[in-house]
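So the sequence shown is numbered by our numbering: it starts at 11 and just counts up by one.
Built from N, CA and C at the ideal position, the CB exists for glycine as well.
As the structure is a prediction and not an experimental result, all values here were calculated from the model.
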Amino acid sequence: MTSASNGKEQPNIRWAVIGTGTISRSVVPDLQSCVGADVVVVQSRDAEKAAAFAAEFDIPASTGEIEAVLADGSVDAVYVATPIATHFAIAKRTLLAGKHVLVEKPIAMNAGQVTELFELAATEGRFLMEAMWMKFNPAFTRLREEIAAGRIGEPRAVRAAFGMPMPKDGRSKWDPARSGGALLDQGIYPVTLAHAILGEPSSLSASGTLRPDGLDVDEHFTLEFAGGGRAYGAASMAEFVEPTASVSGTSGWMVLPPFFWATTSLEIHADTSERMLSAPERIVYAREGNGYVPMLRAVTQGILAGNMEHPVHPASDTIAVFRTLDEIRKQLGPAARARRRR
Ligand SMILES: NC(=O)c1ccc[n+]([C@@H]2O[C@H](COP(=O)([O-])OP(=O)(O)OC[C@H]3O[C@@H](n4cnc5c(N)ncnc54)[C@H](OP(=O)(O)O)[C@@H]3O)[C@@H](O)[C@H]2O)c1
Numbered sequence: 011m012t013s014a015s016n017g018k019e020q021p022n023i024r025w026a027v028i029g030t031g032t033i034s035r036s037v038v039p040d041l042q043s044c045v046g047a048d049v050v051v052v053q054s055r056d057a058e059k060a061a062a063f064a065a066e067f068d069i070p071a072s073t074g075e076i077e078a079v080l081a082d083g084s085v086d087a088v089y090v091a092t093p094i095a096t097h098f099a100i101a102k103r104t105l106l107a108g109k110h111v112l113v114e115k116p117i118a119m120n121a122g123q124v125t126e127l128f129e130l131a132a133t134e135g136r137f138l139m140e141a142m143w144m145k146f147n148p149a150f151t152r153l154r155e156e157i158a159a160g161r162i163g164e165p166r167a168v169r170a171a172f173g174m175p176m177p178k179d180g181r182s183k184w185d186p187a188r189s190g191g192a193l194l195d196q197g198i199y200p201v202t203l204a205h206a207i208l209g210e211p212s213s214l215s216a217s218g219t220l221r222p223d224g225l226d227v228d229e230h231f232t233l234e235f236a237g238g239g240r241a242y243g244a245a246s247m248a249e250f251v252e253p254t255a256s257v258s259g260t261s262g263w264m265v266l267p268p269f270f271w272a273t274t275s276l277e278i279h280a281d282t283s284e285r286m287l288s289a290p291e292r293i294v295y296a297r298e299g300n301g302y303v304p305m306l307r308a309v310t311q312g313i314l315a316g317n318m319e320h321p322v323h324p325a326s327d328t329i330a331v332f333r334t335l336d337e338i339r340k341q342l343g344p345a346a347r348a349r350r351r352r
């Protein structure tokens, strides 16, 4: 198909989907609703599963082999929706096959891998982005606009958490061979939010629970910024930690209600004491599809425009977030725990 983009008629981006799990089921209909995007093939490790998924979501082709997707010259872009520990290898192969790539969060396991992927994307001349949908959510965009306009004065503190018990249902979350643990799966949202508002921290302290097999189950962390700001964050796959976020400044604060990374509203406590304390301004947004449409539309338009990254979540931001995640995990590690016991 074709669509009008940048004022001219262009062929649509032909997307392949790798993985038929929970997130693919939510993202595929949203991707199909985007102008300029066609979902042309879905891959599963099991060809029958791929065929059933294709029939359910009206995708014209399916395959049981990743190689078939990578060798298909008619596929422009690939959405990678597999367990966390598989992202780096699949994204690398996909870039080397000459495809644009959108990888579910977290894009890889550590800053070294993320840097390598973005360097490869630049060498191959292909678009690459982590599917950090939070940064494209209208309430989040408005939060940044209000901060830029000075609505809450100088931003000084970010508080955000994502704690939710993950069912032990045989899926990838509790398997250290496939999972990223609580930090990469959940903590990535509070850390990305803190970076988006306050930049990269100059120092941090973290503590949490690391299983003997290396899987982190929960963590709390404080990030400190050169300008004096702080971010307080937490993640847990064992229990609830209220999934709200707030950003406080010198003349007010704003709240992103649960689930803050996908919220449909923003509360602004600013301007007058009444508005601050008892009657905050509440802005409500309609959710588009399952909530992924704003990101998928932006990525599709970015690829159509010939861009290699997206300014809302570029390589530099993604790599900086992973430097912070790496340092948090380092502080949870056995060496750090032994030091604390002394
Ligand atoms: N943005 C969001 O809102 C959101 C929400 C949930 C998850 N996620 C992210 O999406 C990714 C996938 O999460 P999910 O919950 O969809 O995971 P999942 O259901 O456990 O796995 C996704 C799919 O990956 C495929 N897969 C490929 N290699 C695999 C392997 N070695 N072991 C198991 N499955 C493998 C499987 O599909 P086949 O059997 O068809 O091969 C599986 O169904 C993760 O990175 C997660 O962080 C994002």
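Beta-carbon separation (whole angstroms), residue i vs residue j, contact threshold 8 Å
| i | j | result |
| --- | --- | --- |
| F270 | P290 | In fact, because the Cβ distance is near 16 Å, the residues do not count as touching under 8 Å. |
| L127 | I117 | 7 Å |
| I76 | G46 | Contact flag wrong, Cβ pair sits at about 25 Å. |
| L314 | Q20 | 6 Å |
| I115 | V88 | The displayed chain sequence assigns Lys, not Ile, to residue 115. Between V88 and K115 the Cβ distance is about 16 Å, and since that is not below 8 Å, they are no contact. |
| R339 | S256 | The Cβ separation is near 25 Å, so there is no contact. |
| T354 | E140 | Examination of residue 354 is not possible in this model, given that the chain is present from 11 through 352 alone. |
| A241 | L208 | 6 Å |
| V90 | V124 | That pair is no contact at about 14 Å. |
| L342 | E210 | Incorrect: roughly 20 Å between the Cβ atoms, too far for contact. |
Selected residue, minimal CA-CA separation from residue i, among the options
| i | options | result |
| --- | --- | --- |
| H279 | T273, A272, L287 | L287 |
| S246 | L203, R221, A192 | A192 |
| P324 | D336, T202, G262 | T202 |
| S258 | R161, S217, K178 | R161 |
| V79 | A141, E249, A26 | A26 |
| A71 | D336, L41, P93, D48 | D48 |
| M174 | P165, F250, E58 | F250 |
| P321 | F332, V331, A330, V309 | V309 |
| I94 | D223, A171, G29 | G29 |
| W143 | Y199, F231, G343 | Y199 |
| R333 | L194, V294, D86 | L194 |
| E298 | T32, C44, A57 | C44 |
| V331 | G316, L41, A121 | A121 |
| P316 | A132, T151, G218 | First, the residue type needs correcting, since residue 316 is Gly and not Pro in the sequence shown. Answer by Cα proximity: A132. |
| A167 | P222, A57, T260 | T260 |
| L225 | F172, V85, M119 | M119 |
| R181 | T32, F146, A57, Q53 | T32 |
| A81 | T96, A62, Q53, A206 | Q53 |
| S326 | D281, V50, A206 | A206 |
| T96 | G83, A216, V113, D40 | V113 |
| F150 | M264, D40, A171 | M264 |
| S84 | A57, V51, E58, F98 | V51 |
| F231 | K145, E337, D86, D40 | E337 |
| F172 | D40, L220, L266 | L266 |
Environment of residue i [buried if 16+ CB atoms lie within 10 Å]
| i | result |
| --- | --- |
| G312 | buried |
| R352 | Residue placement at R352 is poorly supported in this model, since its pLDDT is 49, which falls under 50; the coordinates still yield a value, given next. It counts as exposed. |
| R55 | exposed |
| G239 | buried |
| G357 | With the chain represented from 11 up to 352, any question about residue 357 goes unanswered, as that position is not in the structure. |
| E164 | exposed |
| A248 | exposed |
| T73 | buried |
| R307 | buried |
| K178 | exposed |
| A65 | exposed |
| V38 | buried |
| P268 | exposed |
| M11 | exposed |
| P148 | buried |
| L204 | The displayed chain sequence assigns Ala, not Leu, to residue 204. Flag for A204 reads buried. |
| D68 | exposed |
| T92 | buried |
| V294 | exposed |
| S283 | exposed |
| S34 | buried |
| G262 | buried |
| L153 | buried |
| G218 | buried |
| D223 | exposed |
| G197 | buried |
| A296 | exposed |
| L335 | buried |
*asked:* Any contact between the segment 89-107 and the segment 128-136? By contact I mean 3 or more CB pairs, one from each, below 8 Å.
replied: yes
*Between the segment 229-237 and the segment 300-311, do three or more beta carbon pairs fall short of 8 Å?*
No: the two stretches stay apart, fewer than three of their Cβ pairs being nearer than 8 Å.
*Do three or more CB pairs link the segment 261-275 to the segment 180-189 at distances below 8 Å?*
no
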